[in-house]
Structure formats: structure tokens, C-alpha cells
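Be aware that the sequence shown starts at 174, since it is given in the numbering used here, and climbs by one per residue.
From the three backbone atoms N, C-alpha and C, an ideal C-beta is built for every residue, glycine too.
I have placed the structure first, in the form of C-alpha cells, so that the comments after it can refer back to it.
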Amino acid sequence: MNSKLITVIVPCYNIEKYIERCIESIEMQTYKNIEIIAVDDCSKDNTFEILKECKEKYSNLQIYQNNKNSGAAYSRNFAIQKSKGEYIGFVDSDDYITEDYYEKLMQKITDENADVAVADIEIVYENNKHPSILVKPCKDETKMSFINNGLAASPCNKLIKKELLVLYPFLEGKINEDVASILPVLVKANKIVYVEKIKYSYIQRENSVQNSEVTLKRLEMFDAIDMCFKRIQKEENYEEYKEAILYQQVLLMYMAVIPKQKERAKRKEILQNFMEKQEKYNLYKNKYIKEFIDEQPQKERKYYKKMAMCLKNKQSDLANNIIEKKEMNNNIKEKIKDIIRIIIKRTVIKRNITIQDLEKKAKKQSKKQQGKVKISVVIPNYNYENFLIPRIYSILYQTEKIYEIIILDDNSKDNSRELIDTIVDRLKPYIKIQKIYNKENSGCAFKQWKKGFEIAKGDYVWIAEADDCCQKTLLRNIIKPIKENKDIYISYADTAFINAWDKIILPTIKPEIDIRKTGHWDSNFVDNGLEEIENYTFLNCIIANVSSCLIKKENYDDIFEKIIEYKQAGDWLFYINVMKKGKIAFCNKPLNYYRLHGNNVTSVTKKQKHFDEIVKIHEEVRNIIKMTDWHENEINKRYDFLKRVWELEEKNNEEN
């Protein structure tokens, strides 16, 4: 299969932050018969210097630099002329691909003798400001489905036969250069195939062209459309393709992109020009308008019907007024939402919950279908009577199915047991729930953890501390990577801190765990556990609270024997020993709430004991990974910092 050469083209401009990751993702492909052509468009940063460094590492990388800044279309056309591959792929220089991306695309092309193979696009927002979105390029594998799709014009999620691509060069000097090239390729192709379970990761940056301010330049789409239609007008089913392309590339720009221009005068100018340019295409009669309007929420349909009517009579001023009115209404709604958010921030937990409320949630839980991953929830409790009901409510409220709940009471002195008895009796008819009572207080939280793992029958254990709480989507988010990878031993979420009155006092734990400011926790990840220890967890505990974790069910008796003697940092040692067995996943959302009680000032004596435990843990870590000089230097810097902020040096000097 590797006999066919693939050329991967990477146009580059001012992309020093991302270019190396991009090139490496292509170099790491399981399909090896690849040449890479990177064309720098006279970048003003260090992009070309980084490309030179990459070329020294990779023999199949060719790099070029344009004589003057000429745009992505020119760079792509230039690279196509230089290419030797039978098939051509494109990767934008801030994006990246999965390691089997081109292997799977070429396999499907070879198996089905196709001209073009198409993959999913994952939209990844920079700095993880929004969750990633996976977008599919077709509803079915008909040619019309590939063309009548928002991803149709993208060259990046495709592998294309070169002999097709050279027929339709990219339109130089325009921002919609791919419309005039890729759409004709799809129309001309004898066969197009779709490949599942691989994805092209498309990074959405705030300063990218696609996210820049809406200006008259966006109307260059009409130039691209005109060229596209000239290239396909003799093809069979031309009129049908034309309708779909106008809908996807022009109508949706009118309905969804132009309204993003917030300045009324600028928007008016854009609408006036748009109305003139669209007239020859009679957009109002486009057969897809009704389908689009029907797909909108009920409250939005009236707005889009009015916008469609404006096309009929070229009413740019009226369209501008309609957009402005909608924007004003949205602003009012946002202000109301802001007020609601402020109110919600005051308390993150629903209060005044009753046993009846727990019963209702238990009934709903009983109706959920058990997924492939069974979750055992272990609730260790000691004198947390006041928090038990809201805690169990937050567990039952989860959008994922709970396999079982195990409540462990460590000989509480308040009325916890009477309450637990009632809760278990009332919920037993609906869910699998049990209570385990210690006759004497164990004096150690880790003994309760150990007992929980011994009793649990699920695939993963969630140790949900009785006084903590969480959002209803915690399990959904941390179980997601586990469903895709059963080698994950710990999957956890970001944690916020709350006080005894449910008020958030720390919105995220990330700055506290990322003490070297690496940015590692700024996005979701799945990493090899040993690598995570080598790079991060060797230095400090990176999991703030066990309630934020799903931990794979295994026999950890040997680990618990080690940590039972620890009073302050035993959880860190536990996580390290579990992590080394497989992989670890992180969700970059503060979905877990860790409760702090009263005055958490710790005495110097306790701080010294905590420090001593940290030193012991580093000795354990030295038996797990090979410590380098860099590791030891980082550890010593950490010791110096802790001694200073905990005032341990002063204490030691006084004793001396």
C-alpha cells in the first residue's frame, strides 16, 4: 500500500508557535511514503528559521520561501508544481493530524479506486476556550452530500488525486481561494470516499483569517464562486451543484457571517454590496432556504424568514435594521444571563434538598441504560451529616449511569448513621446502594479508600468524599476518554474550591498544580502515566482532590500499605503508583468542588511533617523513574520554596 507517494503541502505565514507541531504530526504518520513541501510566505517572525531546523531533522521535508508575500493560494499552487506525489494532501501550518491519518485515507482510496478521500474535522479552540467540536463532511457518501456541506471547500480534510487538482489551481489573491479549486475537484471526481475514526484537527485562533473582523473582503467569495461555476458549468447536474454551492458558500455567509459585524455603518456597506452581487444568482429562490429556516429554533425562524425576504427586493437597509434589532434583544438576554450567573456563583450547590428529591433522582437513575463502563461510587463519611444529602443528590444527578453506591461511615459522632439508614432504605428500591459501618474510627482516610476498592464491583471507582460536590456533567466528561481507551487508570477533572456555605473561593486549581507554568493543564489530554510522572508529577501532586477522579478498579493493597503511614501527602503517592500502570486523562473544566472547612491555617509542626513526607515521596519516585540532574534541580528549587513560604528555615534555625 505504501507504493503511492503522497505529497503533503503546508503553506506558512507568521506561525512560529505552531509550525513545529504541525510538521511533526506529518512526520509521525504511520504511512511512510510521504514528501512534505512547506512554503513560507515571507513570514515576519521565526517561522522560516524553525522550518530550516526541521529540515535538518527530516530528509523528506522540502522548504521554500516566496520572493514576496503572495498569499496561501500562491504557496499552494507553487507547491503543487513542485510535488511528485500521485496524491496530494494539505495541512495548514497551525493544525495537526492523527498519526494514522494518511494511512487510512490512502487505504480507502486504494480499496475503492477513489479520486478523493475525505475525513472528519475536529474544531479545536485555542487555549481550550470552548469544547472541541467534531464535524462530519457528509450525511451519506453521495457526491451531492460531500458538496452540500460546510466542509466541502476545505482542502485540509482531503487526500486528492494530483491529476485532478492541477486542473483547478487555487484562486490567487482572494481569501476564499479554495472554493474555486476544491469544489470543482469534487464535482469532477469519479469517486469520493469517506473515512471514519480519523480526524483533522483545525485550530481556531482569535487572530486567524477566519476569525478576523467581517469586512468587504469577505465578499471576495463571489469571485471564487464565479470561477468555480465557470469550471463546472459543462458538468452533468451543474444546476443542482450550483444551488448547493450557493447555499453553503453564499447564503450562509449572509445569514450567519455578515451579522457578526457589530458596527452598523460597516455592516450596512457590506449588505449593500452583497445585495448587488447576489442579484444575478436569485438567491431568494434557492431551494435550500426553507430547509435552513425549518432547522432553526422556533423563536429564530421569524428572524430568518425576514432576512430571506430582504434578498428578494435587495433591501439592505431593512436587513441591517433586522440584524440590529436582534442584536439588541440578544444584548438584553445576555445581561439577564450575567445577572443569573452572578446569582449562581454565590452558591454552586442546590440547597434545601429532601429525601424525596433523592428518591426522584434515584428513579431517574434507575431508568438510565448501563453503559460499557460500570462506575462504583464510594462515599467515605465522617461527621458530615449536613452534607450527605446534597452530596448524594450530586451523584444521582449525574448524566451517566451509576452502577452502585457504597457509603462508608467511619464511626461518626454526629447523626450521620441515622441519616444514612434512611437514605439507603428509601433509595434501595431504585438503585444498587449499600452501607458499611466501622465499629471504631479507623483514623486514616486511606483505610476507607482501601475498603471501598475491595467492595466495589464496577470497572472504575469514584471516591466521592461526603462533603464535596460536583456538576452533573463530571462523570460524562471524565468517562469519555475511558470509553475510547481502557488503558486509562486515572481520569480526572479540574477542581474548584468551595467553603462551608457553598461559595466558590477558588475557581480552578490549575495555577496551584502547574507550579512550573507549563500550560500542560490548559487543555484536555490523555498521556502515558510514566511520562506524566517524569514531566510533572515527580515534583508535586497534580490531582487536588480524589473526588475529581475515576480510578480503574484493581487490587491496590500494596500501594495502600505504603500510604497508610502518611498523614498529609499519601494521596500523591497513591496517584503516582496507579498512574505508572497505564495512562492518565484530564478534563479542563472545573467540574468538581472540593470543600474547605473553617480556618485552614496549618501549624509549623504540621508543615514540617508535610515537608518530610514530600521528601519521602521523592525517594519513592526515584524508584519509579530515572531522575536526571534537571529533576533534582527542580526538586531542590521546590524545597527552597516550601521552606521559605512555610517558614521552616526559621523554625529549624530556632531549634538549632
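| query | Is the beta carbon of L332 less than 8 Å from the beta carbon of Y260? | reply | On the sequence shown, position 159 is the one that residue 332 refers to. On the sequence shown, position 87 is the one that residue 260 refers to. In contact: L332 and Y260 (Cβ atoms closer than 8 Å).
Whether or not the segment 344–361 and the segment 391–407 are in contact is what I'm after, with contact meaning three or more pairs of Cβ atoms, one per stretch, closer than 8 Å; do they touch?
Short answer: they touch.
Is the separation between the beta-carbon of I443 and that of Q434 shorter than 8 Å? Along the sequence shown, one-based indexing puts residue 443 at 270. Along the sequence shown, one-based indexing puts residue 434 at 261. Yes, these two residues count as a Cβ contact at 8 Å.
- Query: When the Cα of E285 is compared with those of K499, K316, R590, V366, which residue comes out closest?
  - Reply: Here residue 285 refers to the residue found at position 112 when the sequence shown is read from its first residue. From the listed residues K499, K316, R590, V366, the smallest Cα separation to E285 is found for V366.
If I follow the unbroken beta strand (DSSP E) through L679, where does it start and stop? Locating residue 679 in the sequence shown gives position 506, where the first residue counts as 1. Where L679 is concerned, the enclosing beta strand (DSSP E) stretches over 677–679.
Inset, instruction - Measure the Cβ-Cβ separation of M752 and Y633 and say whether it is below 8 Å. - result: Your numbering for residue 752 matches position 579 in the sequence shown. Your numbering for residue 633 matches position 460 in the sequence shown. Not in contact: M752 and Y633 (Cβ atoms no closer than 8 Å).
For this session: Report yes or no: do the segment 702–720 and the segment 744–751 share at least 3 C-beta pairs separated by less than 8 Å?
Result: Verdict: yes, contact present.
| request: Just the C-alpha distance for E727 and F626, rounded to the nearest angstrom, thanks. | output: The count along the sequence shown starts at 1 and reaches residue 727 at position 554. The count along the sequence shown starts at 1 and reaches residue 626 at position 453. When rounded, the distance between both Cα atoms is 7 Å.
- Are there 16 or more other CB atoms within 10 angstroms of the CB of V183, so buried, or fewer, so exposed? Along the sequence shown, one-based indexing puts residue 183 at 10. With 16 or more neighbouring CB atoms inside 10 Å of its own CB, V183 falls in the buried class.
| query | Mapping DSSP to helix, strand and coil, what is L424? | reply | Within the sequence shown, residue 424 is the residue found at index 251, counting from 1. In the structure shown, L424 falls within a helical segment according to DSSP collapsed to helix, strand and coil.
Checklist entry - Hey, how far is the Cα of C483 from the Cα of L491? => result If you number the sequence shown from 1, residue 483 lands on position 310. If you number the sequence shown from 1, residue 491 lands on position 318. For C483 and L491, the gap between their C-alpha atoms comes out near 7 Å.
Check: Taking three-plus beta-carbon pairs below 8 Å as touching, is the segment 551–562 in contact with the segment 573–591?
Finding: Three or more beta-carbon pairs drawn from the segment 551–562 and the segment 573–591 are found closer than 8 Å, and the two stretches are therefore classed as touching.
Subject >> Close beta carbons around L425, own chain, < 7 Å, minus the five adjacent residues each side >> reply: Here residue 425 refers to the residue found at position 252 of the sequence shown. There are no such residues.
Point to revise | R514 (DSSP reduced to helix, strand or coil) | key: Here residue 514 refers to the residue found at position 341 when the sequence shown is read from its first residue. Note that R514 scores a pLDDT of 49, beneath 50, so its modelled location is shaky; the value from the coordinates is reported in the next line. If DSSP states are grouped into helix, strand and coil, R514 belongs with the helices.
For the candidate residues E807, I593, K545, I294, whose alpha-carbon lies nearest to that of L712? On the sequence shown, residue 712 is found 539 positions in, with the first residue counted as 1. Checking every option, the nearest Cα to that of L712 belongs to E807.
Exercise for the section: Measuring alpha carbon to alpha carbon, tell me which of T220, C215, G258 ends up nearest V181. Expected result: Indexing the sequence shown from 1 puts residue 181 at position 8. If we check each option's Cα against that of V181, G258 comes out closest.
_Using the three-state DSSP reduction, which class does Q471 fall into: helix, strand or coil?_
One-based indexing of the sequence shown puts residue 471 at position 298. Here Q471 sits in helix by DSSP.
Worksheet item: Which of helix, strand or coil does DSSP assign to T283?
Response: Counting from 1 along the sequence shown, the entry for residue 283 is found at position 110. T283 sits in a helix when the DSSP states are folded into three classes.
_Let me check understanding here. Comparing Cα to Cα, which of Y766, E532, T710, A758 lies closest to I797?_
As a working mapping, residue 797 is identified with position 624 in the sequence shown. A check of alpha carbon separations from I797 across Y766, E532, T710, A758 identifies T710 as the nearest.
Can you name the residues that DSSP bridges to T180? Translated into positions along the sequence shown, residue 180 becomes position 7. E208, I261, per the DSSP bridge assignment.
On the premise that G262 lies in contact with Y275, defined as a C-beta separation below 8 Å, what is that separation, rounded to the nearest angstrom? For this step, residue 275 is matched to residue 102 along the sequence shown. For this step, residue 262 is matched to residue 89 along the sequence shown. Their Cβ separation, rounded to whole angstroms, is 6 Å, which keeps Y275 and G262 in contact under 8 Å.
Original post:
Who does T646 pair with in a DSSP beta bridge?
Top reply: In the sequence shown, the residue the question calls residue 646 occupies position 473. DSSP output for T646 lists no bridge partner at all.
Query raised in the report: What residue from I596, I236, I706, I724 has the CA that sits closest to K799's CA?
Result: If you number the sequence shown from 1, residue 799 lands on position 626. Among I596, I236, I706, I724, the Cα nearest to that of K799 belongs to I706.
Quick check on the burial criterion: 16 or more other C-beta atoms within 10 angstroms. Buried or exposed for E573? Numbered from 1 along the sequence shown, position 400 holds the residue referred to as residue 573. Counting Cβ neighbours within 10 Å, E573 comes out buried, since at least 16 surround it.
request  = Look at the alpha carbon of R811 and the alpha carbon of V788, and state the distance between them as a whole number of angstroms.
outcome  = Within the sequence shown, numbered from 1, the residue matching residue 811 stands at position 638. Within the sequence shown, numbered from 1, the residue matching residue 788 stands at position 615. Rounded to the nearest whole angstrom, the C-alpha separation of R811 and V788 is 11 Å.
*Please state whether DSSP places F711 in a helix, a strand or coil.*
For this step, residue 711 is matched to residue 538 along the sequence shown. Here F711 sits in coil by DSSP.
Item to complete: Say whether the segment 314–331 touches the segment 222–242, bearing in mind that this needs 3 or more beta-carbon pairs closer than 8 Å, one atom from each stretch.
Response: No, the segment 314–331 does not touch the segment 222–242.
- Item | Cα-Cα separation, F560 to I757 | If you number the sequence shown from 1, residue 560 lands on position 387. If you number the sequence shown from 1, residue 757 lands on position 584. So the alpha carbons of these two residues sit roughly 30 Å apart.
Count the other CB atoms, across all protein chains shown, that sit within 10 Å of the CB of E295; report buried if there are 16 or more and exposed otherwise. For the purposes of this step, residue 295 is identified with residue 122 of the sequence shown, where counting begins at 1. Here E295 is buried: its Cβ has 16 or more other Cβ atoms, across all protein chains shown, within 10 Å.
field: First and last residue of the uninterrupted alpha helix (DSSP H) at A353
entry: Translated into the one-based positions of the sequence shown, residue 353 becomes position 180. For A353, the uninterrupted alpha helix (DSSP H) run begins and ends at 352–361, by DSSP.
Notebook entry, point to check: Which residues share a DSSP beta bridge with K608?
Noted result: Within the sequence shown, numbered from 1, the residue matching residue 608 stands at position 435. Looking at the DSSP assignment, K608 forms a beta bridge with I580.
>> Starting from Q254, trace the alpha helix (DSSP H) in both directions and tell me its first and last residue.
In response: As a first step, residue 254 must be located in the sequence shown, where it is residue number 81. Segment 245–255, the alpha helix (DSSP H) holding Q254.
Output needed for K623: all residues of its chain with C-beta closer than 6 Å, excluding positions within five of it in sequence on either side, in chain order. In the sequence shown, the residue the question calls residue 623 occupies position 450. Cβ neighbours of K623 beyond the five flanking positions: F733.
Practice prompt. Can you give me the Cβ contacts of K255 inside the same chain, cut-off strictly under 8 Å, excluding the 5 residues immediately before and after it?
Written response: As a first step, residue 255 must be located in the sequence shown, where it is residue number 82. I210, Q235, Y237.
_So, at 8 Å on beta carbons, what are the nonlocal neighbours of C401 in its own chain, with the 5 sequence-adjacent residues on each side left out?_
The residue you call residue 401 lines up with position 228 of the sequence shown. Answer for C401: V352, A353, L356, P357, I418, listed in chain order.
* So which of I604, R599, I593 has the shortest CA-CA distance to Y610? -> Residue numbering aside, residue 610 sits at position 437 when the sequence shown is read from its first letter. In terms of Cα proximity to Y610, the closest of I604, R599, I593 is I593.
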